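Engineer: First the structure, then my questions, so here it is.
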Amino acid sequence: VLHDISLNVPAGKVCALVGPSGGGKTTMFNLIERFYEPQHGKIEINNTDIKKYTLHSLRKNIAEVSQDVFLFNGTIEDNIKYGNPNATPEQIQAAARAANAHDFIMSFPRKYKSKVGEGGALLSGGQKQRIAIARAILKDAPILLLDEATSALDTQSEKLIQSALNDLMVGRTTFVIAHRLSTILDADIICVIKDGRIIEQGTDAELVALDGEYKKLRDIQFKTNKGKQSK
Numbered sequence: 001v002l003h004d005i006s007l008n009v010p011a012g013k014v015c016a017l018v019g020p021s022g023g024g025k026t027t028m029f030n031l032i033e034r035f036y037e038p039q040h041g042k043i044e045i046n047n048t049d050i051k052k053y054t055l056h057s058l059r060k061n062i063a064e065v066s067q068d069v070f071l072f073n074g075t076i077e078d079n080i081k082y083g084n085p086n087a088t089p090e091q092i093q094a095a096a097r098a099a100n101a102h103d104f105i106m107s108f109p110r111k112y113k114s115k116v117g118e119g120g121a122l123l124s125g126g127q128k129q130r131i132a133i134a135r136a137i138l139k140d141a142p143i144l145l146l147d148e149a150t151s152a153l154d155t156q157s158e159k160l161i162q163s164a165l166n167d168l169m170v171g172r173t174t175f176v177i178a179h180r181l182s183t184i185l186d187a188d189i190i191c192v193i194k195d196g197r198i199i200e201q202g203t204d205a206e207l208v209a210l211d212g213e214y215k216k217l218r219d220i221q222f223k224t225n226k227g228k229q230s231k
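Residue numbers (UniProt numbering): 1 to 231.
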């Protein structure tokens, strides 16, 4: 449950949501996409209450890449094309290249016609993520929701995916649920969400200077990473 949330994200900027599990980060995504309706207050896009948009038009303007990638039991091409059913083969390949997916797709015998299996069972976690990013690129929506999902991947996959995500965010209004702060240090706005409230808000530098909850999270993560690297 969220309480007293007040947040303004200018068009084209990146807003990162950080904080402990269960704090309300995913709820914010669900409210933006209208899976939930706010009991009080409202959410606006371009100064218009999102309730005034049809669900179809609202969600058409939002692309999401989440931890739980949804792939159906079809071909790689079909799964990427889900982002834009009218896309040409050239557009599909361009999206896959931008998502750092083209090379691994071309290594399969049937290439873009390869089956992914139920839920993408025939692909690795990193491959599924890159298909999802290609789909989001092809959708070309102005609003992007990212539930950062690189933490469980090997280093090489992580680098490829983070690079693709960085390119995808350019020029889009982006909300990122960040589990590892190293990926969102350049965000325009960082919101620390705890117990359903935004307890701190600002840039990385501003929040470090504040010496509060964000600084604690940051110190813990970076000390842990340094410890791993020194072993």
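Using N, Cα and C, we set each Cβ at its ideal position, and we do this for glycine too. On a predicted model such as this, the values are computed, not experimentally measured, just so you know.
The beta strand (DSSP E) that contains F175, what's its start and end?
Structural biologist: Its beta strand (DSSP E) spans residues 173-177.
Engineer: Are at least three pairs of beta-carbons, each pair with one atom in the stretch 126-134 and one in the stretch 91-105, less than 8 angstroms apart?
Structural biologist: yes
Engineer: Just checking, does the stretch 43-55 make contact with the stretch 200-219 on the three C-beta pairs under 8 angstroms criterion?
Structural biologist: At 8 angstroms Cβ cutoff, the stretches do not touch.
Engineer: Look up L2 in the DSSP assignment and say whether it is helix, strand or coil.
Structural biologist: coil
Engineer: Under the assumption that T183 contacts E213 (Cβ atoms under 8 angstroms), give the Cβ distance between them as a whole number of angstroms.
Structural biologist: Going by Cβ atoms, the distance from T183 to E213 rounds to 18 angstroms, so no, they are not a contact pair.
Engineer: Who does Q201 pair with in a DSSP beta bridge?
Structural biologist: C191
Engineer: Can you say whether residue 255 is buried or exposed, counting buried as having 16 or more other CB atoms within 10 angstroms of its CB?
Structural biologist: In the structure as shown, the chain starts at 1 and stops at 231, and residue 255 therefore has no counterpart that could be examined.
Engineer: Suppose you measure from the CA of I62 to the CA of R34; what does that come to, to the nearest Å?
Structural biologist: 11 angstroms
Engineer: Would you list the residues sitting across from L144 in a DSSP beta bridge?
Structural biologist: A63, T174, per the DSSP bridge assignment.
Engineer: Under the three-state reduction of DSSP, which class applies to K25: helix, strand or coil?
Structural biologist: helix
Engineer: With the cut-off set at 8 angstroms, would you say I177 and G126 are in Cβ contact?
Structural biologist: no
Engineer: Give the DSSP-derived three-state secondary structure of D219 in the structure shown.
Structural biologist: helix
Engineer: Just grab the DSSP bridge partners of L17 for me.
Structural biologist: I177, C191
Engineer: Express the C-alpha separation of S21 and E118 in angstroms, rounding to a whole number.
Structural biologist: 29 angstroms
Engineer: Am I right that V14 and A187 are in contact with their C-beta atoms under 8 angstroms? What's the rounded C-beta distance?
Structural biologist: 5 angstroms
Engineer: Among the candidates T75, R172, D195, K139, whose CA atom is the shortest distance from the CA of V116?
Structural biologist: T75
Engineer: Helix or strand or just coil, what does DSSP make of T183?
Structural biologist: T183 falls in the helix class under three-state DSSP.
Engineer: Between the Cα of K128 and those of I92, D68, F222, spot the shortest distance and give me the residue it belongs to.
Structural biologist: D68
Engineer: DSSP three-state call for S230: helix, strand or coil?
Structural biologist: Note that S230 scores 47 on pLDDT, short of 50, meaning its location in the model is unreliable; the coordinates nonetheless yield the value given after this. Helix, per DSSP.
Engineer: Short check: CB of L138 to CB of I80, under 8 angstroms?
Structural biologist: Going by C-beta atoms, L138 is nearer than 8 angstroms to I80.
Engineer: Would you decide whether I220 is buried or exposed? Buried here means 16 or more other CB atoms lie within 10 Å of its CB.
Structural biologist: exposed
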